[in-house]
Amino acid sequence: MKKTSVNRLVAASLVTALSLGLAACQSNKKGDTASQKENHFTVATVRWQDWGKDFLKGFVAEAEKKAKVDVDWKIYLNSDWADQKAVLMAGGKLPDAFLGSISFSDSDLSVFKNRFIPLEDLIDKHMPNLSKIMKKDPNMRAIVTDPDGHIYSLPKREPMSPKVANQLYINKKWLDNLGLDMPKTYEDLVTVSKAFRDKDANGNGNVSDEIPFENGGVDPILTYALPFGTVISPGESGKYWTVNDKKEITFTPTADYYKEGLKWVHDQYKEKLIDQEIFTQDSSQAEAKRQNNGDAIVGISAGWTADALFGKHAAEYVPMPPITGPDGKAYVHADGSGYGRNELMITDQAKDPGKILAFFDQFYTEDATIQTFYGSFDKATKKNDDGTYTVLEAPDGEQDIFAWVNSLRSFGPKYAPDDFNKKVTLPKGAGDGLKLEAQKVVEDAAQPAFPNVMFTQEELNRLSVISVDIMSFIQTKQAHWVTEGGIDKEWDEYLASLDKMGLKEYKSIHQAAYDRYLKNEKK
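Quick note on numbering: the sequence shown equals residues -23 to -1, 1 to 500 in mature numbering (1 follows the signal peptide of the UniProt record, and there is no 0).
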């Protein structure tokens, strides 16, 4: 056979082989593509800032690999989200799921309920971890059960969540300068405050630049009046509602202890023991006083931590123990127990909701919880041989920011059982470690918080109408009574005015929501 013939034969054979090989590759590629499409879904989430995508590395990436899924993460920034959400929900195309309570409020979910699917049956079928948790901890089911009986979102319970978010801090250096003991009773507090007012507590030679109590935190007036039992709960819907050990709820602004507390606060305001501009200044002006460029000029204020409140003067301040009132008891605001909802919602366009939920069921373990809250193992956290965890020091010292950059942090499914926090060692000088250390002096006095209840759409509509007038009236009268007095004389008229504004209906709506919450706890 001639050489050219051999070459033609070889060439033909190669073409045939290549064609067969290419066809096989194309066939496999089609199969792979179909498989990938089945295991591919889109999840949208919202971030406070553009901190990059490191939060998707480590645990999240490993969870995708383990579940054999490919998640296309759509990241939105909170500053743009309101407008983008409106466009997205008005259009036809939605992601398979939304992650994080920052994405949708209860009101949003109520409005767009037809775009999200019920999850309760799917949870039982595809989420063994969460199902087990819900049986052990009824709060996890109660907090996500809608008034219509369905579950439209997944719950969370954050780790290392402080029992007391808002607490009082006092200038210990001033106490030492004046030879004063830490106040323990409301009478002691008045004595100390008068010394701060009248003497050169900061030692700068000016006896009139000290402000005994300055604005800070949530509702500083009721925080100052805590010796009289004026506790508040987290969240706007439950702020003025309290729950006692008998599961009875009270609306604080109509209680006798509220009246007595404001009378006492007025006396202290009149004595100039409270900043005279507390109702007229904005938050930046109050902050400027707490973080004065020169010497510290504030004796007491409330907030998260001393460094957040007082800036460069933080070292002068310590957490103030709970102050006992006329009844001999001490009261402190509680901030719940880290429970939340709306952490994952599945849209009506998801083709395989079960697979999505099975993927996120991996987030309901202790290993997952520590990593989705602080960051992945070996990067931000470490799992020790004895099953405990260590949160690593942030390289740049910004502990909170480091956690937000490297994890989902407060958003997304997670669960920390009651004994979990004891397993975690935190850096004590910053972030959560600093806060948890500060709250130790007050946590035993924390009162039960009104739970994060859910309202029906009809209830939300009514609350949006009623609450505006009621809340505005309460705030106006509070400022008037603190600055001008007269609460005893005007109290009956005040209650009558609230009744005319719909207080009875306002109370009945909250009572109904609370009753449903208790009922769902028993399911």
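C-beta: ideal position from N, C-alpha, C; glycine also.
{"Query": "Pair within 8 angstroms by beta-carbon distance, residue 245 and residue 170", "Result": "yes"}
{"Query": "Cα-Cα separation, residue 314 to residue 220", "Result": "14 angstroms"}
{"Query": "Burial state of residue 63 (16 or more Cβ within 10 Å)", "Result": "exposed"}
{"Query": "Straight-line gap, residue 196 to residue 361 (C-alpha atoms, nearest Å)", "Result": "41 angstroms"}
{"Query": "Residue -2 to residue 38 span [Cα, whole Å]", "Result": "With a pLDDT of only 38 at residue -2, under 50, the local geometry of the prediction cannot be trusted, and the value read off the model is given with reservation. So the alpha carbons of these two residues sit roughly 32 angstroms apart."}
{"Query": "Range of the contiguous alpha helix (DSSP H) that encloses residue 441", "Result": "434 to 460"}
{"Query": "Cβ-based neighbour list, residue 58, same chain, cut-off 6 angstroms, excluding 5 preceding and 5 following", "Result": "23"}
{"Query": "Backbone CA spacing between residue 126 and residue 96 [nearest angstrom]", "Result": "11 angstroms"}
{"Query": "Bounding residues of the beta strand (DSSP E) (the contiguous stretch that carries residue 360)", "Result": "358 to 360"}
{"Query": "Beta-carbon proximity list for residue 166, same chain, < 6 angstroms, skipping 5 on both sides", "Result": "160 and 300"}
{"Query": "Secondary structure of residue 104, DSSP reduced to three states", "Result": "coil"}
{"Query": "Sequence ranges, alpha helix (DSSP H) only - wholly within the region 313 to 358, length at least 4", "Result": "330 to 338 and 343 to 351"}
{"Query": "Among 202, 107, 251 and 492, nearest to residue 303 - alpha-carbon criterion", "Result": "202"}
{"Query": "Where residue 1 falls, given that 16 or more other Cβ within 10 Å makes a residue buried", "Result": "For residue 1, the pLDDT reaches just 40, beneath the cut-off of 50, and the residue's location in the model is therefore unreliable, although a value from the coordinates is still provided. So residue 1 counts as exposed."}
{"Query": "Inter-residue spacing [alpha-carbon to alpha-carbon] between residue 140 and residue 187", "Result": "31 angstroms"}
{"Query": "For residue 305 and residue 129, the rounded distance between their alpha carbons", "Result": "45 angstroms"}
{"Query": "Nearest candidate by alpha-carbon position, reference residue 433, set 47, 123 and 235", "Result": "123"}
{"Query": "Closest by C-alpha distance to residue 309, when choosing among 488, 72, 421 and 77", "Result": "421"}
{"Query": "Where the beta strand (DSSP E) through residue 547 begins and ends", "Result": "Summary: the structure shown does not reach residue 547, with the chain confined to residues -23 through 500, and so no result is reported for it."}
{"Query": "Residues bridged to residue 192 [DSSP beta-bridge criterion]", "Result": "Beta-bridge pairing links residue 192 to no other residue."}
{"Query": "Three-pair Cβ contact test at 8 angstroms for the region 317 to 333 versus the region 72 to 81", "Result": "yes"}
{"Query": "Same chain only: Cβ atoms within 6 angstroms of residue 55, ignoring 5 sequence neighbours per side", "Result": "23 and 25"}
{"Query": "Nearest neighbour of residue 264, chosen from 243, 242 and 290 [CA to CA]", "Result": "290"}
{"Query": "Cβ neighbours of residue 81 in the same chain (closer than 7 angstroms, five flanking residues each side left out)", "Result": "75, 319 and 322"}
{"Query": "Cβ-Cβ distance between residue 132 and residue 316 below 8 angstroms", "Result": "yes"}
{"Query": "The region 91 to 110 touching the region 472 to 486, judged by at least three CB pairs closer than 8 angstroms", "Result": "no"}
{"Query": "Neighbourhood of residue 150 by C-beta, 7 angstroms cutoff - its chain only, sequence neighbours within 5 removed", "Result": "293"}
{"Query": "Exposure of residue 358, with buried meaning 16 or more beta-carbon neighbours within 10 Å", "Result": "buried"}
{"Query": "Backbone secondary structure at residue 376 - three-state DSSP", "Result": "helix"}
{"Query": "Alpha carbon of residue 179 to alpha carbon of residue 248, nearest angstrom", "Result": "20 angstroms"}
{"Query": "Sub-8 angstroms separation of residue 272 and residue 181 beta-carbons", "Result": "yes"}
{"Query": "Among 228, 32 and 173, the one whose alpha carbon lies nearest that of residue 488", "Result": "228"}
{"Query": "Minimum length 4: unbroken alpha helix (DSSP H) runs contained in the region 5 to 80", "Result": "36 to 44 and 55 to 67"}
{"Query": "Contact set for residue 173: own chain, Cβ-Cβ below 7 angstroms, skip 5 residues either direction", "Result": "151, 187, 189 and 276"}
{"Query": "Distance CB(residue 501)-CB(residue 425) smaller than 8 angstroms", "Result": "Within the shown structure, residues of the chain are numbered from -23 to 500, placing residue 501 beyond reach of any answer."}
{"Query": "Integer-rounded CB distance, given that residue 338 should sit under 8 angstroms from residue 33", "Result": "Wrong, their Cβ atoms sit about 18 angstroms apart, outside the cutoff."}
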